[in-house]
Amino acid sequence: MIGDTLLLRVDAATAIAPTLRHLRLVAADGGKLPPASAGAHVQLSLKAAARTHRNAYSLVSRPGARDAYEIIVRRVEASRGGSAFIHEQLAVGDTVEAAWPGNLFPPVRTARHQLMVAGGIGITPFLSYLAEFGLSGASHALHVCCRPDEREVFAPWLPEGANVDFHWDADGHRLDIPALLAAQQAGTHLYVCGPAAMNDAVIAAARDAGWPDSHVHCEHFGTALSGGEAFRAFLARSGIEVSVGEDESLLEAIERAGVAAPCLCRGGACGVCATPLLEGDAEHRDHFLSPTERESGRLIMPCVSRARSGRLVLDL
Amino acid sequence: MMISDIKSRPIYRDLAPEPTASGHLLVVEGETLTPALLAAFASAFGPVAPRLHIWLVGGPQDVGAHPGRLWRLGSLADVEDSLSCASRGFGIGDRLYVSGTEPFLWRVAEAAGHVGFASGQIQLHHAGSLRRRVWCTHCHSITDDVTTHIADCAGCGRHLLVRDHFSRRLGAFMGVMVDAEAPGQVPAREEVFA
Ligand code: FES
């Protein structure tokens, strides 16, 4: 089963909330799956009518499990396509191609205390963390900001004894992020996964409270905005010009044109999609390039970044 | 001798307090504290003085004007004890600054690491003598206060050549037997780390 891709079969699909679908995926050949560690994700190739979507989802199955991968997918308004496909079209028995699981967000196992902050569906990577911490006995606390009616949805994945607090937008229930971050002992690691605005707010609050960057971790998965002004990009090696729509990413437009572009996280975090930029003015939205690399204007991460103005010419 | 092209050799800088940190702890090896150094600390730490604690380890009885609150500790062992005393509750937003000789810097840094300080929370500033802590690659003993380029191992008595290779974990330089090939042929010792 060693290879670039895995063939998975949908073994079960359940609506656990109006906008949340839980999938259990098994190996199509009935064999065992490669094991994945806490915080890992799997990238699915979703073959919708118009084009193939490659979306990565955090695994919520127990770390190391080889019988099945479980994911929870939120149906996003103004969907990028993949989540709509999973909600509307994918049925039990269907097969899906997937890349081997990867992990861009593993917990730091030498931490004295693991502090997790999740926004909504951003809880998913932490469900596998909790499973690991339950076994290892690591000191931890998870703070989840969600709608009050979502509190029960994730209960089946919370191990007994897990230290989880729910917060929502009502007096007495909001999470006071600066207060939370100010009161942490040395050796604590902070993990945040949620909507971009929340990630940014937590990271900024950690900086203000003097946290060293080495102890602040963020899962940027699918949270970076990929839309914006429409623009055109010329793929120099393929000799194709693509137009990038307002609500699609440059990477999606490249894929639509049938040009193979490497990618993994599709959220500007992993660096896999780095593409030489031959001409044009890029608006960098990734979390990967260093400030100097950005300034040099020679590289772009098409999964999230766009043109600031005019046309881009890529070496693709 | 502070300059070396060996990568493991640490580079020390002047202490620069980070204004966003919640608490600041400056640990100073007393015998290396000169009036000029104290003046430099006073100007660097002035802006964070209300949140500054200084632990002065040994050294002058009369320090004079200084920023922050001053505490006196008798020895390096007291620093290690005070750091590991969990009730002090060091936070993730705190910063530790250490000033002194290399053996002092790294023993404090190591003790701080044990209570959870990240390397990004610690700044080290070299002051005073260049004497080294040497780790014998043969018997793994530590020999302190080495000022010569060849030294006798405190553990096995071998004659060790003090290399520039530095272990942050041990806070020590590597010492390798100098007369392994021709026993008894030990070059003259030179005071190089005074
Ligand atoms: S695919 Fe990961 S940075 Fe673009």
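Sequences listed follow chains A and B, in order. Residue numbers for the first sequence follow this note's numbering, so the first one is 50 and each next one is one higher. Residue numbers for the second sequence follow this note's numbering, so the first one is 764 and each next one is one higher. Glycine residues also receive a C-beta, built at the ideal position from the N, C-alpha and C atoms.
Taking 8 Å as the CB-CB limit, is residue i close to chain B?
i, result
"A:Arg158", "no"
"A:His264", "yes"
"A:Leu365", "no"
"A:Thr272", "Low confidence applies here, because A:Thr272 scores a pLDDT of 41, under 50, leaving its location unreliable and the question unanswered by this model."
"A:Pro155", "no"
"A:Trp260", "yes"
"A:Gly236", "yes"
"A:Asp257", "yes"
"A:Ala373", "Since the first residue shown for chain A is 50 and the last is 365, residue 373 of chain A is missing from the structure and cannot be characterised."
"A:Arg115", "no"
"A:Arg343", "no"
"A:Arg196", "no"
"A:Arg161", "yes"
Nearest chain A C-beta to residue i closer than 8 Å, yes or no?
i, result
"B:Asp857", "yes"
"B:Thr906", "no"
"B:Gly883", "yes"
"B:Glu873", "no"
"B:Val878", "yes"
"B:His831", "Per the sequence presented here, residue 831 of chain B reads as Gly, with His not at that position. No, because no Cβ of chain A sits closer than 8 Å to the Cβ of B:Gly831."
"B:Phe929", "no"
"B:Glu781", "yes"
"B:Phe853", "yes"
"B:Ala957", "no"
"B:Ser845", "no"
"B:Ser785", "yes"
Any heavy atom of ligand 1 inside 7 Å of the beta-carbon of residue i?
i, result
"A:Asp78", "no"
"A:Cys322", "yes"
"A:Asp335", "yes"
"A:Ala245", "no"
"A:Gly316", "yes"
"A:Leu363", "no"
"A:Cys319", "yes"
"A:Ala313", "For the sequence presented, residue 313 of chain A should be read as Leu rather than Ala. Within the cutoff, so yes."
"A:Cys352", "yes"
Rounded to whole angstroms, what is the Cα-Cα separation between residue i and residue j?
i, j, result
"A:Arg196", "A:Gly131", "24 Å"
"A:Ala98", "A:Ser287", "24 Å"
"A:Ala273", "A:Gly243", "Confidence at A:Ala273 is low in this model, with a pLDDT of 40, below 50, so the placement of that residue should be treated as unreliable; the coordinate-derived value is given next. Using only the alpha carbons, I get a separation of about 10 Å."
"A:Ala302", "A:Thr324", "14 Å"
"A:Gly168", "A:His136", "21 Å"
"A:Thr101", "B:Ile774", "51 Å"
"A:Val91", "B:Ala874", "40 Å"
"A:Ala282", "A:Glu181", "44 Å"
"B:Leu859", "A:Gly186", "29 Å"
"B:Trp834", "A:Leu179", "42 Å"
"A:Gln233", "B:Ala828", "33 Å"
"B:Leu973", "A:Gly80", "Nothing can be reported for residue 973 of chain B, as the shown portion of chain B is limited to 764 through 957."
"A:Ala204", "A:Thr63", "15 Å"
"A:Ser263", "A:Tyr106", "25 Å"
"A:Arg123", "A:Ile170", "7 Å"
"A:Val293", "A:Ala147", "26 Å"
"A:Arg73", "A:Pro83", "15 Å"
"A:Arg200", "A:Gln138", "27 Å"
"A:Thr237", "B:Glu843", "20 Å"
"A:Ala219", "A:Asp249", "22 Å"
"A:Asp53", "A:Pro150", "10 Å"
"A:Gly329", "A:Arg357", "8 Å"
Quick one: give me the first and last residue of the alpha helix (DSSP H) that residue i is part of.
i, result
"A:Pro174", "Thr173 to Ser185"
"A:Val356", "The question names Val, but residue 356 of chain A in the sequence shown is Ala. Segment Arg355 to Leu363 is the beta strand (DSSP E) holding A:Ala356; no alpha helix (DSSP H) there."
"B:Trp869", "Glu865 to His877"
"A:Gly131", "Gly131 to Glu137"
"A:Met247", "Ala245 to Asp257"
First and last residue of the beta strand (DSSP E) that includes residue i?
i, result
"B:Glu954", "No beta strand (DSSP E) contains B:Glu954, which DSSP labels as neither H nor E."
"B:Ile905", "Ile905 to Val909"
"A:Thr101", "Thr101 to Ser107"
"A:Glu332", "Thr324 to Glu332"
"A:His264", "Unbroken run through A:His264: none, as it is neither H nor E."
"B:Arg895", "Arg895 to Cys899"
"B:Ala914", "Ile913 to Asp915"
"A:Ser345", "No beta strand (DSSP E) holds A:Ser345; the alpha helix (DSSP H) holding it covers Pro340 to Ser345."
"A:Arg115", "From DSSP, A:Arg115 is part of no beta strand (DSSP E); its letter is neither H nor E."
Taking C-beta pairs closer than 8 Å, name the residues in chain D that residue i reaches, listed in chain order.
i, result
"A:Ala231", "Chain labels in this structure do not include chain D; the protein chains are A and B."
Q: Specify whether the stretch 861–868 of chain B and the stretch 877–889 of chain B touch according to this definition: at least 3 beta carbon pairs, one from each stretch, less than 8 Å apart.
A: yes
Problem - Contact the stretch 895–910 of chain B vs the stretch 925–937 of chain B: 3+ CB pairs below 8 Å - result: yes
Q: Would you be able to state if there are at least three C-beta pairs under 8 Å between the stretch 353–364 of chain A and the stretch 778–790 of chain B?
A: Not touching, per the Cβ criterion.
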